[in-house]
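So the sequence lines, in the order shown, correspond to chains A and B. Sequence positions in the first sequence follow my numbering and run 635 to 950. Sequence positions in the second sequence follow my numbering and run 12 to 286. All C-beta atoms, glycine included, are put in the ideal place defined by N, C-alpha and C. Remember, it's a predicted structure, so these values are computed and weren't measured experimentally. Notes follow once the structure below has been shown.
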Amino acid sequence: MTEPASQAYVHDSLFYSSDDELLPVALPFVSEALDDDESVILACRTRHNRLLTEALGDHPRLQVLPRVGTADRPAEAIAQSAAMFRRQLRAGIRRIRLMGEISFGVSPREWAWWSTWESVANLAFVNIPLWNVCLYHTERQPEGVLKLARLAHPHVITPDRVRTVNQHYVEPAEFLRHLPAIGPQELEATTPSFSTDDLTDLTELRRGTYGTAVARTAFSEGVVAGFVHALLEVASNALIHGKPPVEIRLWAAQDQIVGTVTDHGRGFDDPLAGYLPLQDQQMSPGHGLWIARRLCDYLETTPDSDGFTVRLLTSR
Amino acid sequence: VVVVVLDDEPQDALGWDGHLLLLHGAEPERQTFLVAWLRYGLVHDEKVVYGDIEGLIPPGVAKSLIQQGVDVLAALEDGQLSIESPHELARADRLREVIEHGLAEGYPAVRVFLDSCWADGALDDATTDLENTLRDSCRRYRFSALCRYPAGTVDAHVLESAIALHAGEIRTPQLNTSMERDRMVIAGQLDVSNDALLTHVLKVVSAGASGRLVVNLSSVQFMGVAAARALVEGTEEFRGAGGRVVLLAPTGDTEWFLRVLGLDEIDHFELSGAA
Numbered sequence: 635m636t637e638p639a640s641q642a643y644v645h646d647s648l649f650y651s652s653d654d655e656l657l658p659v660a661l662p663f664v665s666e667a668l669d670d671d672e673s674v675i676l677a678c679r680t681r682h683n684r685l686l687t688e689a690l691g692d693h694p695r696l697q698v699l700p701r702v703g704t705a706d707r708p709a710e711a712i713a714q715s716a717a718m719f720r721r722q723l724r725a726g727i728r729r730i731r732l733m734g735e736i737s738f739g740v741s742p743r744e745w746a747w748w749s750t751w752e753s754v755a756n757l758a759f760v761n762i763p764l765w766n767v768c769l770y771h772t773e774r775q776p777e778g779v780l781k782l783a784r785l786a787h788p789h790v791i792t793p794d795r796v797r798t799v800n801q802h803y804v805e806p807a808e809f810l811r812h813l814p815a816i817g818p819q820e821l822e823a824t825t826p827s828f829s830t831d832d833l834t835d836l837t838e839l840r841r842g843t844y845g846t847a848v849a850r851t852a853f854s855e856g857v858v859a860g861f862v863h864a865l866l867e868v869a870s871n872a873l874i875h876g877k878p879p880v881e882i883r884l885w886a887a888q889d890q891i892v893g894t895v896t897d898h899g900r901g902f903d904d905p906l907a908g909y910l911p912l913q914d915q916q917m918s919p920g921h922g923l924w925i926a927r928r929l930c931d932y933l934e935t936t937p938d939s940d941g942f943t944v945r946l947l948t949s950r
Numbered sequence: 012v013v014v015v016v017l018d019d020e021p022q023d024a025l026g027w028d029g030h031l032l033l034l035h036g037a038e039p040e041r042q043t044f045l046v047a048w049l050r051y052g053l054v055h056d057e058k059v060v061y062g063d064i065e066g067l068i069p070p071g072v073a074k075s076l077i078q079q080g081v082d083v084l085a086a087l088e089d090g091q092l093s094i095e096s097p098h099e100l101a102r103a104d105r106l107r108e109v110i111e112h113g114l115a116e117g118y119p120a121v122r123v124f125l126d127s128c129w130a131d132g133a134l135d136d137a138t139t140d141l142e143n144t145l146r147d148s149c150r151r152y153r154f155s156a157l158c159r160y161p162a163g164t165v166d167a168h169v170l171e172s173a174i175a176l177h178a179g180e181i182r183t184p185q186l187n188t189s190m191e192r193d194r195m196v197i198a199g200q201l202d203v204s205n206d207a208l209l210t211h212v213l214k215v216v217s218a219g220a221s222g223r224l225v226v227n228l229s230s231v232q233f234m235g236v237a238a239a240r241a242l243v244e245g246t247e248e249f250r251g252a253g254g255r256v257v258l259l260a261p262t263g264d265t266e267w268f269l270r271v272l273g274l275d276e277i278d279h280f281e282l283s284g285a286a
C-alpha cells in the first residue's frame, strides 16, 4: 500500500467482509508505523483490537482504546481525540496512525449523528500529522451506515491494499447540511415543564430549568447540569447575537430532556458551527456553541421565516 | 412537588462587611440588597446608621425589615438604628465621631449606608475623598460602609475608578468579588449579564497585583463562556507584562469547563485545585 505523502490529516476507509480481508491491511498498517518511529492507536471493536495486538505483541508506542460510539457524544469525542493527538505530538511523536471502528448504534438518527464524527474529523484534525483508517464491515453494518461512510472519507483502501481517491466524498459542511434533521420531538406536543416568552434573567433560567429537570427526569444531576449549561450558552448567544424576544421551552421526561431557544433574528447558516475544536488564546466567539454541543446529545439549528431556533436534546 | 435548593445567594459567600460597592439594576434589586445589608448589622447587634437626605427610612425598606423579623421601631428607639444626613456623614470629622461614638456605646461594630454616594454616577474630588475616608475607616475601626449606584449609568473609566476605590469589594445580584488578603475571591453566577463588569474588576485588581494574582473560584456557582472570556481579557495586560494568574479551587464543573476551554493552556494561566 502506498503511504500517503501528506503529513497532515489523512482519512481513509476500509470496507471489508472478513478477517482475511481486514488483517492484510491492518497488520502492515500498524507494524510499518512502529518500525518507522510513529505511534499507533487502535480503537476498534474488542475482537479486532485483540486480534491485532496478539499478532503484533506489546509495544510502547501502541495504544489500545475502546471504540467510540453511542455511549459518547460526537463533539466530545472529536475534542478529546484532538487533545489526545496533541499530547502525543508534544511528547515528540512524529506522526500518529489511528485505526478505528465506531459503534454507530441502532437507529438511523444515531447513524447520522455518529457519521458526523467521520465527516467533521476531516476539518477538526486537518493540521495534525495523523493517518486514520476507519473500518467498515460490509455485512454487519447497515446499508445506511455504509452509505454515510462512503460520503465522509476522502480516500478508500481496498482489501488488496490499493489506496484510491474516493469519488463519493463530500465536504463536511455539505455532508452535515444533508443529514436528516432531528426536528420537533413527540414530547414537545405536551405542555413545557418550563417556559419563558421573553428571557431576561439567566439566573432564573438556570434555577428554573435545573430544578424542573432534576425533579422530573431519571438522569443524574451531572447530566442535567450539563444540559442546563448547554441551554444557557445557547440562550446567551441568543441574547447577544439574536433579536428579542428570546423564547425558552424545556420539556423534561424520565428518559428525555428537550430544550428550544428561539429568537427572532436571522441566525446563521453554518452547519459546522460548534464542531471544530477552538484553540485560541482570546476565547473568541464560537466557544459557547462548542461547549453546548459537548454537553447534550443532539443540537441542531433551524432558521425559519419567524426566527431562529436551536434545539437541544438528551435522551436515554 | 419536589423543591430543589440550587445554592445560596452569591453574596452570602462573601458576607456584608467592609467597604462595599453595590451595583444594582431596578429598585427591587437595590432594596433587596439594602435590606439584607441592614438586617445583617441589626441582627448582629451592630450600630447601623442610615444616610438619607429626607431623614427617613423608606417605607418599603422598613416593611421588608419587619417582614424579616427586625423590630425597626425598637431599634430606632434604642438608638441602634439611626438616620443621618448623607451630607453630614460625608464630612470626615462627623463620620469619625459617629463611628467612635457607636463603638464607645458598646456596639461590636458600626455600619453606615450612604445612599447619595454615587447617585449621580459622577466621580468628583469630593466623592473620591469620601470614598477614601470610608475605606480608611474600614481599616481603622470595626466599621462597614455600603455605597451604591445604579449599574450601567457610568462609563468604563468611572466604573473602574469606583472598583479601585472599593478595592474590588463588589456586590451585585449575580457577581460578587472580594479581596481576601492577597487573593481575589469571585462568587456567584458568571455569565453574559456580568462579563463586562467582571472584566473591569479583573483589570483593576490585576493592575494592583505584583507578579502573581490568585483568584479563588471556589464560590462560583456557574461559569459560562462569556465569563471565561472575561478572565482572559481582564488579565491580558497583567499577563502580557509577565504576571501569572492562578485560578484556585474551582468546583468540579467549573474546573472541567475551564480545562475544556483550554484556559490552563493559555499563557500565564494556571489551574490549581487546593484552596
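The residue among L208/B, G222/B, D147/B and V236/B with its C-alpha nearest the C-alpha of T183/B is L208/B. Per the coordinates, the alpha-carbon of D903/A lies some 14 Å from the alpha-carbon of A815/A. Taking the beta carbon of S870/A as reference, the chain B residues within 7 Å of it are D202, V203, G235 and A237, listed in sequence order. When 9 Å is used as the limit between beta carbons, D264/B is near these residues of chain A: G856, A859, G860 and H863, in chain order. In this structure, the CA atom of D135/B is about 10 Å from the CA atom of V169/B.
In the displayed model, F738/A falls within coil according to three-state DSSP, outside both helix and strand. Listed by position along chain B, the residues whose Cβ is nearer than 9 Å to that of E881/A form an empty set, because the closest Cβ is around 17 Å away.
Along the segment 826 to 838 of chain A, the positions whose C-beta sits under 7 Å from a C-beta of chain B are L836 and T837, read in chain order.
In this model, V81/B and L125/B are separated by some 21 Å (Cα to Cα). For Y770/A, the enclosing beta strand (DSSP E) covers residues L764 to H771.
The secondary-structure analysis by DSSP pairs T943/A across a beta bridge with T896/A and T936/A.
Contact check for Q42/B against V72/B passes: the beta carbons are separated by less than 8 Å.
Contact residues of the segment 893 to 907 of chain A toward chain B are absent (C-beta to C-beta distance below 7 Å). The residues F861, A864, L946 and T948, in chain order, have a CB closer than 6 Å to that of C930/A in the same chain once the five nearest residues on each side in sequence are set aside. Separation of the CB atoms of E934/A and W885/A is rounded to 16 Å, and the pair is thereby denied contact status at 8 Å. Excluding the 5 residues flanking it on each side, E855/A has same chain C-beta neighbours closer than 7 Å at V848, in chain order. Beta-carbon to beta-carbon, R223/B and R255/B are separated by about 5 Å, close enough to satisfy the 8 Å threshold.
Within a 10 Å sphere around the beta-carbon of H177/B sit 16 or more other beta-carbons, which makes this residue buried.
Not a single CB atom of chain A sits nearer than 8 Å to the CB of L34/B. Straight-line measurement puts the Cα of G253/B at about 52 Å from the Cα of G66/B. In the DSSP assignment, Y61/B falls within the unbroken beta strand (DSSP E) covering K58 to G62. E281/B has V257/B as its beta-bridge partners, per DSSP. The C-beta of G817/A comes no closer than 8 Å to any C-beta of chain B. Contact annotation: W747/A and P776/A have beta-carbon atoms that are not nearer than 8 Å. W27/B carries a coil assignment under DSSP once its states are collapsed to helix, strand and coil.
For G876/A, no CB of chain B lies under 8 Å from its own CB, so it is not counted at the interface with that chain. Against R928/A, the close residues of chain B are V271, in the order they occur along the chain (beta-carbon pairs closer than 8 Å). Beyond the five residues adjoining it in sequence on each side, N800/A comes within less than 8 Å, by CB distance, of S647, R784, H787, P788, H789 and V790 in the same chain, given in chain order. Under the Cβ criterion of 8 Å, I925/A is counted among the residues facing chain B. For D206/B, the three-state secondary structure derived from DSSP is helix. For the 8 Å CB-CB criterion, S673/A and Q641/A do not form a contact. One finds nothing in chain A with a Cβ atom closer than 7 Å to the Cβ of V169/B; even the nearest lies about 24 Å away. Taking a Cβ-Cβ cut-off of 7 Å, the neighbours of R240/B in chain A comprise M917, given in sequence order.
V257/B does not reach chain A, its nearest Cβ partner there being about 17 Å away, counting only Cβ pairs nearer than 7 Å. Closer than 8 Å to the CB of R724/A there is not a single CB belonging to chain B. The secondary-structure analysis by DSSP pairs C158/B across a beta bridge with L32/B and L125/B.
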